[in-house]
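Take a look at the structure below.
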Amino acid sequence: MSAEAGPATAGARDGAVRRVRLPADRRTPAAARAVVRSVLTESHLDELANEALLLTTELTTNAVEHARTELDIEVVADEVGLTVTVSDFAPGSGDELTVGDRNDSTEINEVSVRGRGLLLVDHFASRWGTTYLPTGKGVWFRLDRPGADQPSSGTIGESTPANAGPRTSTDGSAPSASAMSELMQTAPDLYGDDPLPDFATSLLSRVAEMVGAAGGTIRLDRGDGQGSQVLARFGRPPRPGSDLLRVPLTVQRPYAGELELDAAPSAYAQPLAVLTAERLSLHLENDRLRRADLRRQVWLTFLAEASELLAQSLDVDLTLALVPQLVVPRLGQWCAVHTTDEWGRLRLSAASHADESMLPQLHKVLAETGPDSIQARLREASRSAAQIPLGGPMEGFAVPLIARGQRLGTLAVGRHQRHRHDPDEVAVLEDVARRAALAIENARIHAERRRVAQTLQQSLLPPVLPLVDGIGFAAEYVPTGDDAEVGGDFYDVVPLPDGRWLVVIGDVSGKGVQAAAVTGLVRDVIRVLVGDGKPLPEALARLNETLVERGGGRYCTLALAAVGQGTDDQLDVSLHLAGHDRPVLLAAAGGAGFVGTGGTALGLLDTITSPAADITLAPGDSLIFYTDGVTERRRGRELFGTDRLRDAAAPLAGYSADVVAARLRAAAINFSVEPPRDDIAVLVLRNDAT
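Per the UniProt record's numbering, the sequence shown starts with residue 1, numbered consecutively.
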């Protein structure tokens, strides 16, 4: 059977010969066909075109895919036929290919098992064989005109049968060259939304017609929970008891499928069915990879969006409630987040179900205790820091929530309604758990910082202002937009030993714990000094010395006003400004203006100046103190400013201290939609005598 001698070219003395070397790429089969077509036209062998071009395509495609080297194409034509040789430069043994002359049905089956591409060569070629050279190997085939005698000089080795002639078949179902060419050239629509069903139907109908099948079906399971689906159908359904020809599709998991043909046994039915299944499997594998790539892109987009949503929340309860909403229903039928309390016990923090009517049952199952309960599995997942499967009735699995080495709890997820989680989904869920744990930990840290900041801020402000006959005190305080930071603004009202009251408002530079420490120091030093009866200029001088000695680059602006009863229901005010903005005097009769003389801020220089200004408040008059958070409130490039503050205060003449403070606070806040960049403090002193 085997013919290892190469094709002789002596018989082509009067014919055409072409030799060309081509690279190993996807364009090589087309270039080889062009060479063969030119020789056929020149030699007037057009009747051999279908078979010659089909077999040339098969040999060059096989060489490109497996040898991956340059190819030599030799085309030799004579008066009765054509010989084509495809040679590569890949080393290999003589056992790698099955070659030979025309075979009977038994030998065809052997060829179909050992080399699918050579099935076509064996079927259509008059003769064919393999030539082994030190540099590689070549596969050749010979096509003779129908009814023509073999070349007298001999075109193959001595093992070729003398009666070899044009290809015929005793099997009436043998496919034609045009049918095989159409089968091999069938391809999916590159621009279709879902080209596989049409492509599979076309392949199935062609192979069924070639083998005379009464019907056929291609089934595919994509592993998406929908089970095996009919991808293509041809002819009538299988008859009961029919011995169907079944060929599995060679696809990777989770894809699985098979091709079924209701065909009578023949020499070509099985090989052609296998060839068709392999062609379809190649495109199905491309479809699987394309879908997997799209799915991974979707998961990456989902994880990016989930990270952004989780990062935007610094509230613990909101973050815990957000996690199940992200998971259900995209990654599971239900989701529950359990967090660890200070005693190490798990408690349910948030849960969600795709069917809201199932939430009561979900809560009931999650609350059950016992060695086989979900609670026990959740404790095991938290303790072992590993993924743990959950049993019925709420099947799923639990993933520990771990951030910065701290075990925060568990994320439990129920399986999809129609299928179990695949590895990609499990990996995404584990990633969601890591991001959720980090978001929860960040929210907890922020909540703790906010609690500390609020506690510290409250300690720097008086809990209530004193109630004094004839004098009204009112204050408004708005912390900076970052509620986890401690501001440097403060105010206070302190009784003096001589029966007067000291009104204090100040602003320490900067924010945070260091600014709060300086604020507390200033507040306490003032209380001690004025409590000992020190005059206000001396108290300011000693406070300045303390801040300078302390260093640290922090300074403070202060406004101090000693208020006492005067004559005729008036209030006498002694005002000292240490670098602070001048207060607004709001007259009961209408009109507002700034009073006082500026001085030196504390903590910058060894000596300071703080000129005193004596002010008299008639009944109904108010003195309005404020910090720079009011005047420097920003709207784009525009500031609220002192003039706008004075104009906002003017219409408030005659109102109580509480109303004046609240209205000015609202005016400053409403000036801009942005959160305050600095603390806002307003302190109002009013003569309430009637």
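Quick reminder that beta carbons are idealized off the backbone N, C-alpha and C, glycines included.
All values derive from a computational prediction rather than experimental measurement.
*Just the Cα atoms here: how many angstroms apart are residue 577 and residue 452?*
Residue 452 has its alpha-carbon roughly 32 Å from the corresponding atom of residue 577.
*Going straight from the alpha carbon of residue 529 to that of residue 551, what length do you get?*
20 Å
*asked:* To test your reading of the DSSP string, which unbroken beta strand (DSSP E) runs of 3 or more residues are found completely within the segment 287-352?
replied: 334-340
*Using the Cα positions of residue 405 and residue 433, report the straight-line distance between them to the nearest angstrom.*
14 Å
*Which of the three DSSP states, helix, strand or coil, is assigned to residue 489?*
Note: residue 489 maps to strand in three-state DSSP.
*Tell me, to the nearest whole angstrom, how far the beta carbon of residue 589 is from that of residue 624; I am working on the premise that it is less than 8 Å.*
Between residue 624 and residue 589 the Cβ distance is about 16 Å, and since that is not below 8 Å, they are no contact.
_CB of residue 378 within 8 Å of CB of residue 403, strictly_ = no
*Quick one: give me the first and last residue of the alpha helix (DSSP H) that residue 608 is part of.*
Looking at the DSSP string, residue 608 is not in any alpha helix (DSSP H), and its letter there is neither H nor E.
*Exposed unless 16 or more other CB atoms sit within 10 angstroms - verdict on residue 262*: buried
*For residue 617, which of helix, strand or coil comes out of DSSP?*
strand
*Per DSSP, residue 562 is paired with what?*
502 and 574
*asked:* Quick check: what's the CA-CA separation for residue 394 versus residue 198?
replied: 41 Å
*Span of the beta strand (DSSP E) around residue 533*: Run containing residue 533: none; DSSP gives neither H nor E here.
*asked:* Relative to the C-alpha of residue 487, which candidate in 469, 459 and 474 has its C-alpha closest?
replied: Closest by alpha carbon: 459.
*Taking C-beta to C-beta, are residue 212 and residue 234 nearer than 8 Å?*
no
*Measure from the alpha carbon of residue 258 to the alpha carbon of each residue in 282, 218 and 278, then state which is nearest.*
218
_Simplified DSSP assignment, three categories, for residue 674_ = coil
_Sequence-distant residues of its chain with Cβ nearer than 7 Å to residue 520 (five each side left out)_ = 460
*Apart from the five residues just before and just after residue 205, which ones in its own chain have a Cβ nearer than 6 Å to its Cβ?*
234
*For residue 234, three-class secondary structure by DSSP*: strand
*Cut-off 6 Å between Cβ atoms - residues of its own chain near residue 509, not counting five sequence neighbours on either side*: For residue 509, the CB contacts under 6 Å within the same chain, skipping 5 residues up- and downstream, are 554 and 555 in chain order.
*What separation, rounded to the nearest whole angstrom, lies between the Cα atoms of residue 667 and residue 351?*
43 Å
_The beta strand (DSSP E) enclosing residue 131, as first and last residue numbers_ = 127-133
*Expressed to the nearest angstrom, what Euclidean distance is found between the alpha-carbon atoms of residue 474 and residue 333?*
56 Å
*Three-state secondary structure (DSSP) of residue 124*: Of the three classes helix, strand and coil, the one that applies to residue 124 here is helix, per DSSP.
*contact_flag[the segment 587-602, the segment 611-618] where n(CB pairs < 8 Å) is 3 or more*: yes
_Which of helix, strand or coil DSSP assigns to residue 199_ = helix
*Assign residue 359 to one of two classes, buried (16 or more other C-beta atoms within 10 Å of its C-beta) or exposed (fewer than that).*
exposed
*Exposed or buried, what is residue 87 when buried is set at 16 or more other beta-carbons lying within 10 Å of its beta-carbon?*
With 16 or more other Cβ atoms inside 10 Å of its own Cβ, residue 87 counts as buried.
*If you pair each beta-carbon of the segment 634-646 with each one of the segment 599-617, do three or more pairs fall below 8 Å?*
no
*asked:* Taking the alpha helix (DSSP H) that residue 57 belongs to, which residues open and close that run?
replied: 49-66
*For residue 406, which three-state DSSP category applies?*
strand
*So is residue 516 buried or exposed if we call it buried at 16+ other beta carbons inside 10 Å?*
buried
*Would you mind sorting residue 690 into buried or exposed? The rule is 16 or more other CB atoms within 10 Å of its CB.*
When all chains shown are included, residue 690 counts as exposed.
*Going by DSSP, which residues form a beta bridge with residue 543?*
None, per the DSSP bridge assignment.
*With distances taken Cα to Cα, identify the nearest neighbour of residue 319 among 306, 82 and 330.*
306
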